[in-house]
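Asker: Pasting a structure below so you can have a look.
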Amino acid sequence: MPLDRERIVAAAIALADEGGLEAVSLRKVAARLNAGPMRLYGYISTKQELFDLMVDEVHAEILPAEQPGDWREALRILAHRTRQAALRHVWLADLLGGRPTLGPNGMAVTEAKLAALDGSADIDTVLRAVETVSSYLTGAIRREIANLRAERVTGLSKREWQRASGPHLTKMLATGRFPALTKAVHDGTDVEAETSFATGLDWVLDAVAAKLTRPPA
């Protein structure tokens, strides 16, 4: 079967899904496709270009079929779809938050974010709002993926890690040096990652809404 960019990117994504970004190189992708490495250079110049194409391909999974009319619902759907894509492709967390994605799918996702807020405020307010939501997404997704990776590396689930760490934590809290942390540990409610993500997202969208509705000074 002849090579093309689509096959090369699909092979790279499959390798990354199996072993992370460190498992991706032009040589390994070529081996996956039963092709000589030099053949790939007719389609891909560098590994960074390959990463950019992989990110853009995953962005096709983020874009919903229809754009909701309500800006808040539109941004919420895009946020949850971004998280779901990152959970399918955990390596995506390592490539979020950098320079804007300039592939067609990445640009379409950015267009959907901006279009959701178009006309609701001046363009600079819209840009800051989109940046704020995106920053929350990047941080929340990276934290969740880091926890999932820790589970794989240690072989301990979150509950198992908490039980194993319990004696040390109890000893440290008993010193009285961490009263606020002690209160959080004893009285706080532990929630699942999806609930934490959704709650934080709602708070960020509340903040955006306040800026959109605030009368000019």
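In my numbering, the protein residues as written are -12 to 204. We put the CB at the ideal spot given by N, CA and C, even for glycine. Values in this document were obtained by computation on a predicted structure and should not be read as measured data.
Between V117 and V172, what straight-line distance do the alpha-carbon atoms span, to the nearest angstrom?
Answerer: Roughly 33 Å between the two C-alpha positions.
Asker: My parser needs the alpha helix (DSSP H) runs of 4 or more residues fully inside the stretch 17 to 44; what are they?
Answerer: Qualifying alpha helix (DSSP H) stretches, in chain order: 24 to 27.
Asker: Can the beta-carbon of V(-4) be found closer than 8 Å to that of L40?
Answerer: Yes.
Asker: With 16 other CB atoms within 10 Å as the buried threshold, where does E131 fall?
Answerer: Per the 10 Å Cβ criterion, buried.
Asker: What residue does the alpha helix (DSSP H) around F165 start on, and which one ends it?
Answerer: No alpha helix (DSSP H) contains F165, which DSSP labels as neither H nor E.
Asker: Between L13, L82, Y123, V45, which lies nearest to L62 when the distance is taken from Cα to Cα?
Answerer: Here the closest residue by C-alpha is Y123.
Asker: Can you tell me the Cα-Cα spacing of R205 and V178, whole angstroms?
Answerer: Given that the chain is displayed from residue -12 to residue 204, the structure contains no residue 205 and the question cannot be resolved.
Asker: Please go through the same chain and pick out, in chain order, the residues whose beta-carbon is closer than 7 Å to the beta-carbon of T125, but skip the five residues on each side of it.
Answerer: The residues are L83, G84.
Asker: Give the C-beta separation of H208 and N92 to the nearest angstrom, bearing in mind that I take them to be a contact with Cβ-Cβ under 8 Å.
Answerer: Because residue 208 is not part of the residues shown, which for the chain are -12 to 204, the question remains open.
Asker: Per DSSP, what kind of secondary structure is A108 in: helix, strand or coil?
Answerer: It is coil, neither helix nor strand.
Asker: Select from N134, A133, P55 the residue whose C-alpha is nearest the C-alpha of D105.
Answerer: Comparing Cα-Cα distances from D105 to each of N134, A133, P55, the minimum goes to P55.
Asker: Where does G85 sit, in a helix, a strand or coil, going by DSSP?
Answerer: In this structure, G85 counts as coil in the three-state DSSP scheme.
Asker: Taking Cβ to Cβ, would you say L199 is nearer than 8 Å to A108?
Answerer: Closer than 8 Å, so yes.
Asker: Using only the alpha-carbon positions, how far apart do K15 and V113 sit?
Answerer: In a straight line, the C-alpha of K15 is about 42 Å away from that of V113.
Asker: Return the CA-CA distance between F184 and D43, expressed in angstroms with no decimal places.
Answerer: One C-alpha to the other measures close to 23 Å.
Asker: By Cβ distance, which residues of its chain are closer than 8 Å to R26, with the 5 residues on each side in sequence left out?
Answerer: Counting only Cβ-Cβ distances below 8 Å, and skipping sequence neighbours, we find L(-10), A17.
Asker: Check for me: the alpha helix (DSSP H) holding P154 runs from which residue to which?
Answerer: Element bounds for P154: 145 to 160.
Asker: For D78, which residues of its own chain have a beta-carbon under 7 Å away from its beta-carbon, when the five flanking residues on both sides are left out?
Answerer: At residue 78 the sequence reads Trp, which differs from the Asp that was named. The answer, listed in chain order, is A3, G7, L8.
Asker: Could you tell me the alpha carbon to alpha carbon distance between V195 and L74, rounded to whole angstroms?
Answerer: Cα-Cα distance, rounded: 26 Å.
Asker: Below 7 Å CB to CB, which residues in the same chain sit around A127 once its five sequence neighbours on both sides are set aside?
Answerer: For A127, where only same-chain residues beyond five positions count, the Cβ hits under 7 Å are F184, G187.
Asker: Take R129 and list the residues in its own chain whose beta-carbon comes closer than 6 Å to its own, dropping the five residues that flank it on each side.
Answerer: A80, listed in sequence order.
Asker: So what's Q234 in DSSP terms, helix, strand or just coil?
Answerer: One cannot answer for residue 234 here, as it falls past the ends of the chain, which runs -12 to 204.
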